[in-house]
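Colleague: Mind looking over this structure? Questions follow.
Below you can see the structure in the form of structure tokens.
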């Protein structure tokens with residue numbers, strides 16, 4: 002109904018102003034007496050005021066209509082069309098409010114978010130920086146808009162993998178949120194959760210756990226234990242615990258979070274979609290593939306109903322299923338889903354976008370695991386060229402892709418190509434003035450591993466000591482970020498049978514891990530298992546046995562008696578007992594470990610075959626020919642199945 006009156010109001014507004022101006026400025030030369038009459042002057046002023054009010058109403062109406070149309074398109078996932086309306090809205094509000102006003106900043110904030118949704122991160126960064134500058138210059142007491150802008154900036158930098166800027170922006174949001182102290186208008190727990198995830202992705206696991214626990218505590222106290230915010234913090238904690246191998250607690254947290262979100266956010270809400278993704282991933286880690294498939298298919302159905310089959314969210318759901326099928330070696334289905342996802346990314350973003358490159362990497366890994374290495378490596382190379390053309394060589398994305406290619410060739414034991422990519426990555430990252438310290442350390446570690454595989458022990462040691470020195474200068478000698486380098490040094494010295502040096506670094510790593518996560522933690526179990534093996538090699542059999550027993554009790558408590566790591570420790574303990582001639586104990590340990598390996602890895606897994614061959618050698622040595630024949634028959638059957 003209102004639309005019918007818009008042309009009339011438009012004419013009335015501009016017409017009133019125009020007539021008023023004619024009366025005021027053009028009538029005097031025509032008729033002096035008419036100009037001087039009070040009623041004519043009053044009429045001109047009245048027309049001017051009415052015209053101005055009508056034009057003001059028209060501008061407000063137009064602004065509201067543009068906002069409604071933009072919001073509708075944004076909800077539907079048509080971000081390109083929404084951006085067009087947002088551009089018109091920005092121009093309108095710039096004239097109406099001025100470019101230094103909070104009204105202009107409000108619309109520019111959403112404009113930046115649309116650029117981010119379209120994957121145009123540089124434009125999003127530019128606009129969001131302008132928004133923050135405006136809001137900082139016009140800051141109000143307890144400025145919730147500024148806090149939200151910090152949060153938007155943090156999430157943008159997270160997406161761009163600029164974790165230093167993301168961390169800084171999350172900390173700004175938390176600081177301002179604590180000043181606001183009103184969860185109804187700004188929920189600080191969301192920023193705390195984001196900060197925890199930054200710590201997690203940068204390897205600062207104890208800091209991540211602290212931030213996420215504080216996020217959960219804050220959410221429970223401010224918005225309630227059954228709130229959406231509490232569930233999101235629970236989901237993030239579940240992901241952290243899953244990464245640490247704490248399977249039972251991670252699964253329970255993720256399941257509880259999903260139940261809360263289904264009640265509070267709705268069965269088809271974005272929050273439920275995210276929770277399904279997390280719980281599905283945990284089921285994958287726990288080997289519950291049918292449950293994982295159920296979660297991912299439910300996610301796919303929700304996204305399809307919400308956005309259709311040509312949206313990036315649908316592509317992401319396809320990738321979840323593709324990765325699950327890859328793990329299950331259902332390669333035909335995996336390739337089908339991953340190819341569809343890649344096509345959607347190319348259509349949505351264009352062929353020269355970072356997300357397209359990442360989708361190429363996912364598809365290439367499936368080809369490689371299927372045995373089509375040339376097809377897989379060709380896709381990896383194509384992704385590398387795409388990233389180079391889009392971002393240049395001096396960009397974190399390009400270095401990451403070089404490191405990724407190095408890992409791919411390392412996996413296929415094509416060590417010369419792997420070394421070439423890793424060296425290029427290191428050369429670039431050393432020239433980057435603002436290089437992320439973690440990127441440098443990871444690149445040094447990557448090249449060191451490849452050199453170690455080629456038995457270039459001296460160069461590998463040099464690289465690892467450079468990385469160790471770099472990290473110690475950054476965060477100190479007893480920081481948790483030192484641990485991965487120490488563990489790699491342990492591997493290096495064990496490969497050279499320099500067990501005394503390995504013992505020193507391994508003991509140091511165990512001390513740091515215990516400081517950060519305590520004595521009963523999966524990371525602690527891993528490093529103590531290595532240390533026990535070193536003790537065995539040094540003929541410190543009493544210390545080795547005691548430590549193996551401690552690790553065995555720890556992993557059984559943490560993971561259950563049939564976990565893969567339990568099998569590994571049993572085999573290590575068997576090796577120790579064999580060196581002491583305790584053959585009956587060795588026999589019992591092997592027979593206890595084998596079912597665990599077969600259940601967790603599958604009958605045809607290379608580690609299962611390795612263990613079976615190890616058992617054949619032991620029984621042949623101990624003269625048990627019946628067991629030798631039984632195990633050899635099992636190996637033959639597995640080979641036929643494979």
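In the numbering used here, the protein residues as written are 2 to 643.
Heads up, the beta-carbon is just placed ideally off N, CA and C, and yes, glycines get one too.
#1: Looking at the structure shown, is residue 527 part of a helix, part of a strand, or coil, going by DSSP?
#2: Is it the case that the region 137–147 contacts the region 119–128, given that we only count it when at least three CB pairs across the two stretches are under 8 Å?
#3: Mapping the DSSP letters down to three states, classify residue 404 as helix, strand or coil.
#4: Measuring straight from C-alpha to C-alpha, what distance separates residue 533 and residue 548?
#5: Any idea what DSSP makes of residue 88, helix, strand or coil?
#6: Quick one: Cα of residue 315 to Cα of residue 344, how far?
#7: Can you grab the Cα-Cα spacing for the pair residue 639 / residue 326, in whole Å?
#8: Rounded to the nearest angstrom, what separates residue 336 and residue 381 at their Cα positions?
#9: When you compare only the Cα positions, how much space is there between residue 240 and residue 251?
#10: For residue 352, count neighbouring C-beta atoms within 10 Å of its own C-beta (all shown protein chains included) and say buried if the count is 16 or more, exposed if not.
#11: DSSP state of residue 224, grouped into three classes?
#12: Could you give the residue range of the alpha helix (DSSP H) that holds residue 328?
#13: Give me, in chain order, the residues of the same chain whose beta-carbon lies closer than 8 Å to that of residue 527; leave out the 5 immediate sequence neighbours on both sides.
#14: Hey, residue 275 and residue 230: beta-carbon distance below 8 Å or not?
#15: Going by beta carbon distance, what residues of the same chain come within less than 7 Å of residue 308, once the five residues before and after it are set aside?
#16: Report the start-end ranges of each alpha helix (DSSP H) in the region 201–273 that is 4 residues or longer and not cut off at the edges.
#17: By the DSSP assignment, the alpha helix (DSSP H) with residue 178 in it spans what residues?
#18: What separation, rounded to the nearest whole angstrom, lies between the Cα atoms of residue 514 and residue 525?
#19: Can you find the residues in the same chain that come closer than 7 Å, C-beta to C-beta, to residue 599, ignoring five residues on each side of it along the sequence?
#20: For the 8 Å Cβ check, are there 3 or more pairs between the region 194–208 and the region 475–494?
#21: Here's the rule: buried if 16 or more other CB atoms are within 10 angstroms of the residue's CB, otherwise exposed. What is residue 431?
#22: Count the other CB atoms, across all protein chains shown, that sit within 10 Å of the CB of residue 158; report buried if there are 16 or more and exposed otherwise.
#23: Considering only the beta carbon of each residue, do residue 71 and residue 93 sit closer than 8 Å?
#24: Quick check: the region 491–500 against the region 455–474, are there 3 or more CB pairs under 8 Å?
#25: Using only CA atoms, which one of 389, 446, 438 and 388 lies nearest to residue 408?
#26: Which of helix, strand or coil does DSSP assign to residue 608?
#27: In the structure shown, what three-state DSSP assignment does residue 520 receive?
Modeller: On the basis of the supplied data:
#1: Reduced to three states, the DSSP call for residue 527 is helix.
#2: Under the three-pair Cβ rule at 8 Å, the region 119–128 does not count as touching the region 137–147.
#3: Of the three classes helix, strand and coil, the one that applies to residue 404 here is helix, per DSSP.
#4: When only Cα atoms are considered, residue 533 and residue 548 end up about 6 Å apart.
#5: Residue 88 sits in a helix when the DSSP states are folded into three classes.
#6: Spanning the two alpha carbons is a distance of roughly 11 Å.
#7: Whole-angstrom Cα-Cα distance: 22 Å.
#8: Answer to the nearest angstrom: the Cα atoms are 15 Å apart.
#9: If you draw a straight line from the Cα of residue 240 to the Cα of residue 251, it is about 7 Å long.
#10: Exposed, because fewer than 16 other Cβ atoms sit within 10 Å of the Cβ of residue 352.
#11: Coil at residue 224, not helix or strand.
#12: Here the alpha helix (DSSP H) through residue 328 covers 313–328.
#13: Once the five neighbours on either side are set aside, the close Cβ partners of residue 527 are 566.
#14: For residue 275 and residue 230, no; Cβs fall outside 8 Å.
#15: Cβ contact annotation for residue 308 (same chain, cutoff 7 Å, sequence separation greater than five): 78, 314 and 315, in chain order.
#16: Listed in chain order, the complete alpha helix (DSSP H) runs (minimum 4 residues) inside the region 201–273 are 206–223, 229–244 and 248–265.
#17: Annotation: the continuous alpha helix (DSSP H) that includes residue 178 extends over 164–181.
#18: So the two alpha carbons sit approximately 6 Å from each other.
#19: 609.
#20: Contact holds between the region 194–208 and the region 475–494, because three or more Cβ pairs, one in each stretch, are under 8 Å apart.
#21: Counting Cβ neighbours within 10 Å, residue 431 comes out exposed, since fewer than 16 surround it.
#22: By the 10 Å Cβ count, residue 158 comes out buried.
#23: Going by C-beta atoms, residue 71 is not nearer than 8 Å to residue 93.
#24: The region 491–500 vs the region 455–474: in contact.
#25: Closest option to residue 408, Cα to Cα, is 446.
#26: Per DSSP, reduced to three states, the secondary structure at residue 608 is helical.
#27: Assigned with DSSP and collapsed to three states, residue 520 falls in coil, not helix or strand.
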